[in-house]
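**Student:**
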Amino acid sequence: MDLQEAAEVFTGVRPRLFGIAYRMLGSAAEAEDLVQDVWLRWQGTDRDAVVNPAAFLATTTTRLAINALQSARVRRETYIGPWLPEPVDTSADPYLGAERGEALAFAALILMEKLTPNERAAYVLREAFDYPYGQIADILQSTEPAVRQLVSRARKHVTGERRTPVSTEAQKELLTTFVAAARSGDMAALERLFAVDVVSLSDGNGAKQVSRRPVTGVGKLANMFHVISGWFWEGVDVRYVEANGQASAVLLRDGRVSAVLAVTASADGIDQLLWMMNPEKLTAI
Numbered sequence: 003m004d005l006q007e008a009a010e011v012f013t014g015v016r017p018r019l020f021g022i023a024y025r026m027l028g029s030a031a032e033a034e035d036l037v038q039d040v041w042l043r044w045q046g047t048d049r050d051a052v053v054n055p056a057a058f059l060a061t062t063t064t065r066l067a068i069n070a071l072q073s074a075r076v077r078r079e080t081y082i083g084p085w086l087p088e089p090v091d092t093s094a095d096p097y098l099g100a101e102r103g104e105a106l107a108f109a110a111l112i113l114m115e116k117l118t119p120n121e122r123a124a125y126v127l128r129e130a131f132d133y134p135y136g137q138i139a140d141i142l143q144s145t146e147p148a149v150r151q152l153v154s155r156a157r158k159h160v161t162g163e164r165r166t167p168v169s170t171e172a173q174k175e176l177l178t179t180f181v182a183a184a185r186s187g188d189m190a191a192l193e194r195l196f197a198v199d200v201v202s203l204s205d206g207n208g209a210k211q212v213s214r215r216p217v218t219g220v221g222k223l224a225n226m227f228h229v230i231s232g233w234f235w236e237g238v239d240v241r242y243v244e245a246n247g248q249a250s251a252v253l254l255r256d257g258r259v260s261a262v263l264a265v266t267a268s269a270d271g272i273d274q275l276l277w278m279m280n281p282e283k284l285t286a287i
């Protein structure tokens, strides 16, 4: 296999490799770097000895992602405030969620942070890409029964801690209604939108005027958004995009993205407000 053919093979599977890496790391920038590393390794591989290039590249990506995730978690120990996934515009990159949308939503990525690297890899490969258990075992250098246990534990954790989400249409309506209520500072309207245990998480990594702690409770949040409505939304334009497969609000100041807001909700109302405000995480939007 010459280099041109190798490039064509790699290009054909690259979207899947990025999809695996992003779901493993929760960072588009880190996923791009990892996929580039896979390409460099592919160039230096004895490709004539590779029976299944797609499987080889997926294996390389997964194993590198496991190592990268372990390093990322060490770095996140010094992160200032809540850590949230880096949003990706799935309307601009529809392939990211085209095969299966699982393990892509913000809520799932947040819950997957509690999994071991191997549990996360097994869950992503099975739930998002429908890999057979035997192939996942080969990738993780494990056994099929062990992989089934990994997937089962991960699935129970991710689905067990999540409430049944509302429909896509309802989620977008709750998001747009929240933005309108927050801009006006209407406390009564805000309180009607929230579930009893609603929490607001802001990821700014120490940025000025970004909360470094979760804020919880209907009354506390309604009051907070009422108080900041006079200045926070001044000069802000809001555009709605599909990020991570769900409706999200992009907040722009002077034409530049200053934040991405997403909500998760159940029949009880909005239970999570997720504010991505770290400038380094907004380049993919």
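In my numbering, the protein residues as written are 3 to 287. All C-beta atoms in this analysis are idealised placements derived from N, C-alpha and C, irrespective of residue type, glycine included.
Exposed or buried, which one is residue 82 when buried takes at least 16 other CB atoms within 10 Å?
**Tutor:** Taking the sequence shown and counting its residues from 1, one reaches residue 82 at position 80. Residue 82 is exposed by the Cβ-count criterion.
**Student:** At the level of alpha carbons, what is the spacing between residue 54 and residue 37?
**Tutor:** Stepping through the sequence shown from its first residue, residue 54 is reached at position 52. Stepping through the sequence shown from its first residue, residue 37 is reached at position 35. Straight-line Cα distance between these residues: approximately 18 angstroms.
**Student:** Taking residue 283 and residue 88 to be in contact with their CB atoms under 8 angstroms, please state how far apart those CB atoms are, rounded to whole angstroms.
**Tutor:** Taking the first residue of the sequence shown as 1, we reach residue 283 at position 281. Taking the first residue of the sequence shown as 1, we reach residue 88 at position 86. About 4 angstroms separates the two Cβ atoms, so the contact holds.
**Student:** Measuring alpha carbon to alpha carbon, tell me which of 187, 251, 223 and 179 ends up nearest residue 198.
**Tutor:** Counted from its first residue, the sequence shown places residue 198 at position 196. For the residues 187, 251, 223 and 179, the minimum Cα distance to residue 198 belongs to 223.
**Student:** Hey, could you find the ends of the alpha helix (DSSP H) residue 114 is sitting in?
**Tutor:** Mapped onto the sequence shown, residue 114 falls at position 112. 108-114 is the span of the alpha helix (DSSP H), which, as asked, contains residue 114.
**Student:** Would you kindly work out how many angstroms separate the C-alpha atoms of residue 185 and residue 201, rounded to a whole number?
**Tutor:** Position 183 of the sequence shown holds residue 185. Position 199 of the sequence shown holds residue 201. Taking the straight line joining both Cα atoms gives about 18 angstroms.
**Student:** Confirm, please, whether the CB-CB distance from residue 159 to residue 121 is below 9 angstroms.
**Tutor:** Your numbering for residue 121 matches position 119 in the sequence shown. Your numbering for residue 159 matches position 157 in the sequence shown. Cβ distance < 9 angstroms, so residue 121 and residue 159 count as in contact.
**Student:** Is it buried or exposed, residue 25, if we count other Cβ atoms within 10 angstroms and call 16 or more buried?
**Tutor:** As a first step, residue 25 is located in the sequence shown; it is residue number 23 there, counting from the start. The residue in question, residue 25, is buried, as its Cβ has 16 or more Cβ neighbours within 10 Å.
**Student:** Please give me, in chain order, every unbroken run of the beta strand (DSSP E) with length at least 3 that falls completely inside the stretch 208-270.
**Tutor:** Runs of the beta strand (DSSP E) inside the stretch 208-270: 238-245, 248-255 and 258-268.
**Student:** Tell me the rounded alpha-carbon separation between residue 75 and residue 66.
**Tutor:** Translated into positions along the sequence shown, residue 75 becomes position 73. Translated into positions along the sequence shown, residue 66 becomes position 64. Cα to Cα, the separation comes out at about 14 angstroms.
**Student:** Give the straight-line distance between the Cα atoms of residue 196 and residue 271, rounded to the nearest whole angstrom.
**Tutor:** Position 194 of the sequence shown, counted from the first residue, corresponds to residue 196. Position 269 of the sequence shown, counted from the first residue, corresponds to residue 271. Using only the alpha carbons, I get a separation of about 5 angstroms.
**Student:** With a Cβ-Cβ cutoff of 9 angstroms, do residue 243 and residue 252 count as a contact?
**Tutor:** Position 241 of the sequence shown, counting from 1, holds the residue named residue 243. Position 250 of the sequence shown, counting from 1, holds the residue named residue 252. In this structure, residue 252 lies closer than 9 angstroms to residue 243 by Cβ.
**Student:** Where are the beta strand (DSSP E) runs, 3 residues long or more, that stay fully inside the stretch 6-62, in chain order?
**Tutor:** List check, beta strand (DSSP E) in window: nothing returned.
**Student:** Grab me the residues of residue 260's own chain with a C-beta within less than 6 angstroms of its C-beta, minus the 5 sequence neighbours each way, in chain order.
**Tutor:** As a working note, residue 260 is residue 258 in the sequence shown. Taken in chain order, the residues that qualify are 253.
**Student:** Could you check what DSSP says for residue 274 in three-state terms: helix, strand or coil?
**Tutor:** As a first step, residue 274 is located in the sequence shown; it is residue number 272 there, counting from the start. Residue 274: strand per DSSP, three-state reduction.
**Student:** List the residues that DSSP assigns as beta-bridge partners of residue 66.
**Tutor:** Taking the sequence shown and counting its residues from 1, the one referred to as residue 66 is at position 64. In the DSSP output, where bridge partners are listed per residue, residue 66 has none listed.
**Student:** Just checking my contact of residue 274 with residue 172 at CB under 8 angstroms: how many whole Å lie between their CB atoms?
**Tutor:** Within the sequence shown, residue 274 is the residue found at index 272, counting from 1. Within the sequence shown, residue 172 is the residue found at index 170, counting from 1. That pair is no contact at about 15 angstroms.
**Student:** Identify every residue that forms a DSSP beta bridge with residue 204.
**Tutor:** The count along the sequence shown starts at 1 and reaches residue 204 at position 202. Paired residue(s): 277.
**Student:** Can you say whether residue 98 is buried or exposed, counting buried as having 16 or more other CB atoms within 10 angstroms of its CB?
**Tutor:** Position 96 of the sequence shown, counted from the start, is the residue given in the question as residue 98. Buried is the call here.
**Student:** When you compare each of 210, 33, 28 and 203 to residue 17 by their alpha carbons, which one comes out closest?
**Tutor:** For the purposes of this step, residue 17 is identified with residue 15 of the sequence shown, where counting begins at 1. That would be 33, whose Cα lies nearest to the Cα of residue 17.
**Student:** Out of 70, 73, 194 and 41, state which residue places its alpha-carbon closest to the alpha-carbon of residue 56.
**Tutor:** Counting from 1 along the sequence shown, the entry for residue 56 is found at position 54. For residue 56, the nearest C-alpha among the options comes from 41.
**Student:** What span of residues does the alpha helix (DSSP H) with residue 81 cover, start to end?
**Tutor:** Position 79 of the sequence shown, counted from the first residue, corresponds to residue 81. Element bounds for residue 81: n/a, residue is neither H nor E.
**Student:** Could you work out which residue in 84, 27 and 8 is closest to residue 50 when comparing CA atoms only?
**Tutor:** Taking the sequence shown and counting its residues from 1, one reaches residue 50 at position 48. The candidate whose alpha carbon is nearest that of residue 50 is 8.
**Student:** Within 10 angstroms of the Cβ of residue 149, are there 16 or more other Cβ atoms? Answer buried if so, exposed if not.
**Tutor:** The residue given as residue 149 occupies position 147 in the sequence shown. Classification for residue 149: buried.
**Student:** Residues in its own chain within less than 7 angstroms of residue 11 by CB, not counting five upstream and five downstream?
**Tutor:** As a working mapping, residue 11 is identified with position 9 in the sequence shown. So the qualifying residues of the chain are 55.
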